[in-house]
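Report on one structure; see the data block that follows.
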Amino acid sequence: MAETAHKETHGFQTEVKQLLQLMIHSLYSNKEIFLRELVSNAADAADKLRFRALSDNSLYENDGELRVRLSVDQDKGTLTISDNGIGMTREEVIENLGTIAKSGTKEFFSKLSGDQAKDSRLIGQFGVGFYSAFIVADKVTVRTRAAGVDASKAVQWESAGEGDFTIADIEKADRGTEITLHLREDEKEYLDDWRLRRIVSKYSDHISIPVEMFKAEVPEQDGADGEKIPGEPAKWEVVNKATALWTREKSEVSDEEYKEFYKHISHDFGDPLSWAHNRVEGKTEYTSLLYIPAKAPFDMWNRDQKHGLKLYVQRVFIMDDAEQFMPTYLRFVKGLLDSNDLPLNVSREILQDNKITQAMRQGCTKRVLSMLEKMAKNEPDNYQTFWKEFGNVLKEGPAEDFANREKIAGLLRFASTQDNSAAQTVSLDDYLARMKEGQDKIYYVVADSFEAAQSSPHLEIFRKKGIEVLLMSERIDEWLMSHLTDYKEKAFQSVARGALDLGDLEDEESKKAHEEAEKQVEGVLERVKTSLGTKVKEVKFTHRLTESPACVVADDMGMSTQMMKLMAAAGQSVPEIQYTLELNPEHQLVKILADIQDEQQFGQWSEVLLEQALLTEQGALKNPSAFVTKLNKLLLDLVK
1 MAETAHKETH GFQTEVKQLL QLMIHSLYSN KEIFLRELVS NAADAADKLR FRALSDNSLY
61 ENDGELRVRL SVDQDKGTLT ISDNGIGMTR EEVIENLGTI AKSGTKEFFS KLSGDQAKDS
121 RLIGQFGVGF YSAFIVADKV TVRTRAAGVD ASKAVQWESA GEGDFTIADI EKADRGTEIT
181 LHLREDEKEY LDDWRLRRIV SKYSDHISIP VEMFKAEVPE QDGADGEKIP GEPAKWEVVN
241 KATALWTREK SEVSDEEYKE FYKHISHDFG DPLSWAHNRV EGKTEYTSLL YIPAKAPFDM
301 WNRDQKHGLK LYVQRVFIMD DAEQFMPTYL RFVKGLLDSN DLPLNVSREI LQDNKITQAM
361 RQGCTKRVLS MLEKMAKNEP DNYQTFWKEF GNVLKEGPAE DFANREKIAG LLRFASTQDN
421 SAAQTVSLDD YLARMKEGQD KIYYVVADSF EAAQSSPHLE IFRKKGIEVL LMSERIDEWL
481 MSHLTDYKEK AFQSVARGAL DLGDLEDEES KKAHEEAEKQ VEGVLERVKT SLGTKVKEVK
541 FTHRLTESPA CVVADDMGMS TQMMKLMAAA GQSVPEIQYT LELNPEHQLV KILADIQDEQ
601 QFGQWSEVLL EQALLTEQGA LKNPSAFVTK LNKLLLDLVK
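Take the sequence shown: its position 556, counting from 1, is numbered 556 in the UniProt record's numbering, and each next residue is one higher.
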């Protein structure tokens with residue numbers, strides 16, 4: 001090694017210091033994973049060089065045989081992982097090895113639970129697999145040179161995993177990166193040739209780049225029959241299959257290999273819930289390997305976060321995060337596509353309006369939806385795990401993908417009045433199967449929380465008649481229902497909007513009782529409307545209530561309460577909703593209201609009933625203090 005020059009010491013980013021402490025104290029329950037991470041990074045570096053070389057073949061520097069090598073020095077107690085991939089410049093070394101170069105580091109540390117097994121799964125998601133080297137090493141040395149730059153422009157990075165690291169200029173004849181781990185005394189098992197080969201076979205067999213280890217010279221030996229057994233020269237030997245996993249027949253790939261490949265491409269430490277490996281032939285030829293993760297990434301709702309599949313063309317890596325092949329509502333899907341039809345120099349711009357891209361996108365979308373349908377039918381527990389993590393993302397589908405709207409709707413899950421549980425386990429098919437005879441609508445209510453939805457006064461008549469209502473309480477639900485108008489020819493109906501018409505579900509006896517109750521408080525509607533004026537659009541009697549005196553109802557074609565809240569939260573100017581006030585003529589308070597002759601007192605009670613109903617519907621009042629003062633005065637008048 002040439003003498004280093006221009007040596008500098010830098011402090012680690014605060015988050016890196018915290019991470020290193022976790023690593024050094026054996027965050028991983030399975031320490032050998034460090035080798036998987038480092039080999040995976042080396043393979044990625046080779047892929048990146050192959051892609052860059054498509055437009056600049058000189059980057060190969062007359063060495064086009066890409067590979068990863070493992071070598072040990074028993075005397076020094078070091079393990080070195082080297083590659084002849086893209087390499088790094090000085091600036092890239094500082095950026096990539098001195099900081100967690102990814103948004104969301106605070107979220108990373110906020111999610112740490114202290115449970116080693118759970119916490120270890122986060123590390124890959126945050127792109128910090130390199131630091132796993134410190135699980136087994138008390139010092140790490142990185143020597144790297146970027147492809148295409150002079151040998152004198154190489155860089156050495158070194159750290160003991162404490163508060164700082166050093167950077168120095170060195171000479172390095174060959175491009176690529178060498179990571180040397182100075183193993184701790186109690187980690188010397190990773191100097192064993194057989195142990196390393198077993199780990200590579202277990203975790204890195206699927207990598208298309210050859211992983212090589214040095215095989216010592218085998219001298220000529222005497223055989224049992226006196227004949228000489230020829231020896232073998234020392235050589236580098238490939239220890240993994242080194243063939244792209246997706247190019248192999250499905251019958252040749254084990255479940256464990258599929259799982260390990262998922263971890264390689266996703267940097268997730270957990271197993272996937274499901275996967276599909278398919279070769280498509282015909283007008284468009286491509287291979288897809290798609291995975292459904294078990295856990296949502298920390299940045300699922302970050303709008304700037306890239307998502308998509310890895311794209312290969314004729315087994316040559318082209319790009320990460322090719323979002324053109326998967327709709328946004330399926331952004332949780334991980335995997336890759338390998339096309340035979342796209343050109344090797346394909347760019348994101350060319351992909352955007354490419355007919356081949358559109359055909360592949362449609363095919364992949366249908367494949368994922370079929371995977372989810374199969375999971376929901378055959379593995380309901382796994383599907384519930386999926387729904388808990390990604391359900392709100394899937395709810396974006398009906399608005400985004402009209403062609404598959406009904407298929408997506410069949411995958412949605414909701415809470416309902418059927419079991420009064422917050423668990424979202426009810427499918428629309430479940431609901432249809434339980435519909436009452438004569439029921440022609442799917443009833444639902446949207447509220448700020450499950451508790452608010454569950455206790456909504458709009459449900460009272462439905463509970464009395466045993467009609468199931470879907471309970472929706474996620475922020476996206478109101479937006480979802482504005483795009484999902486029907487399912488299997490049954491229209492959706494919000495129980496909090498428009499006039500209530502139970503159709504054949506209403507019996508004659510109930511109708512007569514309602515009419516009689518209305519006659520007893522005849523005239524109260526006009527007086528309340530006059531008293532409240534423009535505060536309400538209309539005042540009506542209702543029979544949707546059985547326990548509450550009043551409720552407010554938004555127009556069927558107007559803005560709903562939840563949509564108003566969503567728009568206001570987004571900073572948009574929202575017009576005041578003109579509600580219809582509906583009174584329950586059978587409630588004692590309404591009967592008392594009808595008998596009040598003092599118009600001032602009548603007006604105050606009318607306002608209290610309206611504000612009660614608004615509080616129940618909106619969760620808050622513009623002037624709660626005035627409401628309390630008014631209510632207290634009326635209560636005092638009653639006890640005088």
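All C-beta atoms, glycine included, are put in the ideal place defined by N, C-alpha and C.
Taking its Cβ as the centre, do 16 or more other Cβ atoms sit within 10 Å of Gly-335, making it buried, or is it exposed?
buried
When the Cα of residue 657 is compared with those of Ser-40, Thr-89, Pro-233, Thr-9, which residue comes out closest?
This structure cannot speak to residue 657, because the chain is shown only from 1 to 640.
Which residues share a DSSP beta bridge with Met-472?
Val-446
Report yes if the CB atom of Ala-422 is closer than 8 Å to the CB atom of Phe-450, and no otherwise.
yes
What are the complete alpha helix (DSSP H) segments, minimum 4 residues, inside the region 16 to 93?
33 to 52
So, using beta-carbon positions, are Leu-309 and Met-326 closer together than 8 Å?
yes
Do Val-553 and Arg-475 have their C-beta atoms closer together than 8 Å?
no
Among Asp-186, Lys-263, Pro-230, Leu-191, which residue has its Cα nearest to the Cα of Ile-33?
Lys-263
Please list, in chain order, all residues of the same chain as Glu-396 whose beta carbon is under 6 Å from its beta carbon, the five residues on each side excluded.
Tyr-329
Ignore the nearest five residues each way along the sequence and tell me which others in Arg-248's own chain have a CB closer than 8 Å to its CB.
none
Taking the alpha-carbon positions, what's the residue 655 to Gly-603 distance?
No answer is possible for residue 655: the residues shown for the chain start at 1 and end at 640.
Determine the direct distance from the alpha carbon of Lys-465 to that of Lys-540, and round the result to whole angstroms.
22 Å
Just verifying my parser: in three-state terms, what is the DSSP assignment at Ala-234?
coil
Counting only runs that start and end within the region 190 to 268, where is the beta strand (DSSP E) found for 3 or more residues in a row?
211 to 215, 235 to 238
By Cβ distance, which residues of its chain are closer than 8 Å to Ile-229, with the 5 residues on each side in sequence left out?
Glu-220, Gln-221, Asp-222, Gly-223
Can you tell me whether Leu-614 is buried or exposed, with buried defined as 16 or more other CB within 10 angstroms of its CB?
buried
If we ignore side chains and look at the alpha-carbon of each, how far apart do Pro-575 and Cys-551 end up?
20 Å
Per-residue burial, Pro-457 [other beta carbons within 10 Å of its own, 16 or more giving buried]:
buried
What residues match up with Cys-551 in a beta bridge as DSSP calls it?
Glu-582
Can you tell me which of Ala-151, Gln-520, Val-136, Val-639 puts its alpha carbon nearest to the alpha carbon of Asp-595?
Gln-520
Straight-line CA distance for Ser-26 to Tyr-190?
Summary for Ser-26: the model assigns pLDDT 46, below 50, so the residue's position carries little reliability; its value from the coordinates is reported in the next sentence. Spanning the two alpha carbons is a distance of roughly 16 Å.
Based on DSSP bridge pairs, tell me the residues matched to Thr-141.
Glu-158, Thr-180
Pull up the CB-CB distance for Leu-411 and Glu-468, whole angstroms please, since I reckon it's below 8 Å.
Contact doesn't hold; Cβ gap of about 19 Å is too wide.
Compare the beta carbon distance of Phe-134 and Gly-161 with 8 Å and say whether it is the shorter of the two.
yes
Presumed contact (8 Å Cβ cut-off) between His-277 and Leu-289, rounded CB distance:
5 Å
Mind listing, in chain order, the continuous alpha helix (DSSP H) runs of no fewer than 4 residues lying wholly within the region 572 to 623?
588 to 595, 599 to 618
Quick check on Asp-73: buried or exposed, where buried means 16 or more other Cβ atoms within 10 Å of its Cβ?
exposed
List the whole-angstrom C-beta distance separating Ala-409 from Leu-432, where the pair is believed to meet the contact cut-off of C-beta under 8 Å.
11 Å between Cβ atoms; not a contact.
Tell me which residues share the same chain as Phe-414 and place their Cβ nearer than 6 Å to its Cβ, disregarding the 5 neighbours each side in the sequence.
Gln-424, Val-426, Leu-470
Flag this pair as yes or no: are the beta carbons of Ala-151 and Ala-173 separated by less than 8 Å?
yes
Between Ala-244 and the rest of its own chain, which residues show a CB-CB distance below 6 Å, the 5 nearest in sequence each way excluded?
Ser-208, Arg-315
Bridge partners for Val-426 per DSSP, in chain order?
Phe-414
Exposure of Glu-569, with buried meaning 16 or more beta-carbon neighbours within 10 Å:
The displayed chain sequence assigns Ala, not Glu, to residue 569. It counts as exposed.
Below 8 Å on the Cβ atoms is my contact criterion, and I expect Asn-340 with Tyr-286 to pass it. Report the Cβ-Cβ distance as a whole number of Å.
7 Å
Measuring straight from C-alpha to C-alpha, what distance separates Asn-345 and Ala-322?
14 Å
Decide yes or no for the touch test of the region 478 to 487 against the region 558 to 567: beta carbon pairs closer than 8 Å, at least 3 of them.
yes
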